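One structure below.
Number of protein chains: 2
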Amino acid sequence: MKGVYNIGEASKMSGVSAKMIRHYESLGLLPKARRTESGYRQYSTEDIHSLRFVRTSRDLGFSLDEIQKLLSLWSNKRRASRDVRRLVEKHVEDLNQKIVDLQRMRDSLKNLAQCCHGDERPECPILDQLAEGEPT
Amino acid sequence: MKGVYNIGEASKMSGVSAKMIRHYESLGLLPKARRTESGYRQYSTEDIHSLRFVRTSRDLGFSLDEIQKLLSLWSNKRRASRDVRRLVEKHVEDLNQKIVDLQRMRDSLKNLAQCCHGDERPECPILDQLAEGEPT
DNA sequence: TCTTGACCTTCCCATGATGGCAAGCTTCAT
DNA sequence: ATGAAGCTTGCCATCATGGGAAGGTCAAGA
Chain C
174 MKGVYNIGEA
184 SKMSGVSAKM
194 IRHYESLGLL
204 PKARRTESGY
214 RQYSTEDIHS
224 LRFVRTSRDL
234 GFSLDEIQKL
244 LSLWSNKRRA
254 SRDVRRLVEK
264 HVEDLNQKIV
274 DLQRMRDSLK
284 NLAQCCHGDE
294 RPECPILDQL
304 AEGEPT
Chain R
174 MKGVYNIGEA
184 SKMSGVSAKM
194 IRHYESLGLL
204 PKARRTESGY
214 RQYSTEDIHS
224 LRFVRTSRDL
234 GFSLDEIQKL
244 LSLWSNKRRA
254 SRDVRRLVEK
264 HVEDLNQKIV
274 DLQRMRDSLK
284 NLAQCCHGDE
294 RPECPILDQL
304 AEGEPT
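Protein chains in written order, with the working numbering: chain C, 174 to 309; chain R, 174 to 309.
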């Protein structure tokens, strides 16, 4: 429990690659890290928590832009939980939209694939359909 | 029915932006277009069909790489329909994977959002959860 | 015929999130 | 003191797409 970590250790502890830690810092998503005399970045356990926060948010599909907002809500003790929830609900809607888009693609393709013999013959309704333009 | 079109007309007819038509050509996805003396690209109705093929494939979520394969199968009259179907089924699996990933995110977030009051108070289990690291 | 506006050309840059690599410095253990 | 591992910065690549600049072309109307 030393409480001060190099970027590699911070990376392992947070699950965020060193590359990305530097990148997030350069974007201003994370504050500039303290440095040793020789220029090595140093992270406190609190910093590791911020990194985990970012990591978890990424895992949930938030964009870096949204994460910036989440971070500022997180650090603002006078936030309204309404604002957080609104952001999350917006994201859920985005995810739902993506899901239905993908499902529509998948279902069209499944239909197409079912119509195709899938043997050594060249006739292929899939290609025909792609050429015609109007997918099922 | 003139049968020869500038890139702008080809774009409108195919639904592929002029920008992208040029890009696909530069990638080798589409053959180099004939040119007028002054350098304007010219497209035949057959070319428009190819463009529509690409467009439809993109709408179904295929990558340009996959589309290249589809195009070569399309133009190969001795293809085996099996190869087409295999490609499509692989893509369906990819889509399914993406769908379940997004669904997992969405469900976690829905759970989180439900726990949050969403009023003017600052307490927010969403932020707490993001900070803790283990999403539901 | 000249002008004007719409169209075309190429080239470079940007997105969003991430990875890879290279050249060079630091730290630490042997 | 030497070598390995780790750090630094900086540039390039991905994937598919769009924006814009600078300049050439074409057709229609005055």
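Quick reminder that beta carbons are idealized off the backbone N, C-alpha and C, glycines included.
Because the structure is a prediction, the values reported are computed rather than measured.
Item, Value
"Just grab the DSSP bridge partners of residue 231 of chain R for me.", "Its beta-bridge partners do not exist; DSSP assigns none."
"Residues of chain C with CB closer than 9 angstroms to the CB of residue 264 of chain R, please, in chain order.", "278, 279, 282"
"Out of curiosity, what's the CA-to-CA distance linking residue 221 of chain C and residue 205 of chain R?", "53 angstroms"
"Residues of the region 285-298 of chain C in Cβ contact with chain R at a cutoff of 9 angstroms, in chain order, please.", "285, 286, 289, 290, 291, 292, 293, 294, 295, 296, 297, 298"
"For the region 179-203 of chain R, which residues have a beta carbon sitting closer than 7 angstroms to at least one beta carbon of chain C?", "none"
"Going straight from the alpha carbon of residue 225 of chain C to that of residue 256 of chain C, what length do you get?", "21 angstroms"
"Round the Cβ separation of residue 184 of chain R and residue 191 of chain R to the nearest angstrom and send it over; I've been treating them as touching at under 8 angstroms.", "5 angstroms"
"When the cut-off is 8 angstroms and only beta carbons count, does residue 177 of chain R lie next to chain C?", "no"
"Mind checking if residue 229 of chain C is an interface residue toward chain R, Cβ cutoff 8 angstroms exclusive?", "yes"
"By the three-class DSSP mapping on this structure, what secondary structure does residue 214 of chain C have?", "strand"
"For residue 291 of chain R and residue 236 of chain R, I'd like the C-alpha separation in whole angstroms.", "40 angstroms"
"Taking the C-alpha atoms as reference points, what is the distance between residue 229 of chain R and residue 305 of chain R?", "44 angstroms"
"Can you pull out the residues from the region 239-259 of chain R whose beta carbon lies closer than 7 angstroms to at least one beta carbon of chain C?", "243, 246, 247, 250, 251, 252, 253, 254, 255, 257, 258"
"With DSSP collapsed to three states, give me the class of residue 255 of chain R.", "helix"
"Would you say the region 271-279 of chain C touches the region 266-283 of chain R, given that touching needs at least three Cβ pairs under 8 angstroms?", "yes"
"For residue 212 of chain C, would you say it is in contact with chain R, using Cβ-to-Cβ distances shorter than 8 angstroms as the test?", "no"
"Using beta-carbon positions only, say whether residue 218 of chain R and residue 176 of chain R come within less than 8 angstroms of one another.", "yes"
"Quick one: which chain C residues come within Cβ less than 7 angstroms of residue 205 of chain R?", "By Cβ distance, chain C contributes nothing, its closest Cβ being about 21 angstroms from residue 205 of chain R, past 7 angstroms."
"Contact criterion: CB-CB distance below 8 angstroms. Does residue 303 of chain R meet it with respect to chain C?", "yes"
"Run the CB neighbour count on residue 201 of chain R, radius 10 Å, all protein chains shown included, and call it buried at 16 or more, exposed below.", "exposed"
"Kindly indicate which three-state DSSP category residue 294 of chain R falls into: helix, strand or coil?", "coil"
"Got a sec? Which residues, its chain only, sit under 8 angstroms from residue 299 of chain R by beta carbon, not counting five neighbours each side?", "285, 286, 288, 289"
"If distances are taken between C-alpha atoms only, which option among C:253, C:259, C:244, C:302 comes closest to residue 303 of chain R?", "C:244"
"Does residue 309 of chain C come within less than 8 angstroms of chain R when only Cβ atoms are used?", "With a pLDDT of 48 at residue 309 of chain C, under the threshold of 50, the predicted position of this residue should be treated as unreliable, though the coordinate-derived value follows. No, its Cβ sits nowhere closer than 8 angstroms to a Cβ of chain R."
"Note down, in chain order, every chain R residue with its Cβ under 9 angstroms from the Cβ of residue 275 of chain C.", "234, 268, 269, 271, 272, 275"
"Using DSSP's beta-bridge definition, name the partner residues of residue 178 of chain R.", "R:216"
"Using CA atoms only, rank isn't needed, just tell me which of C:178, C:233, C:297, C:258 is closest to residue 294 of chain R.", "C:258"
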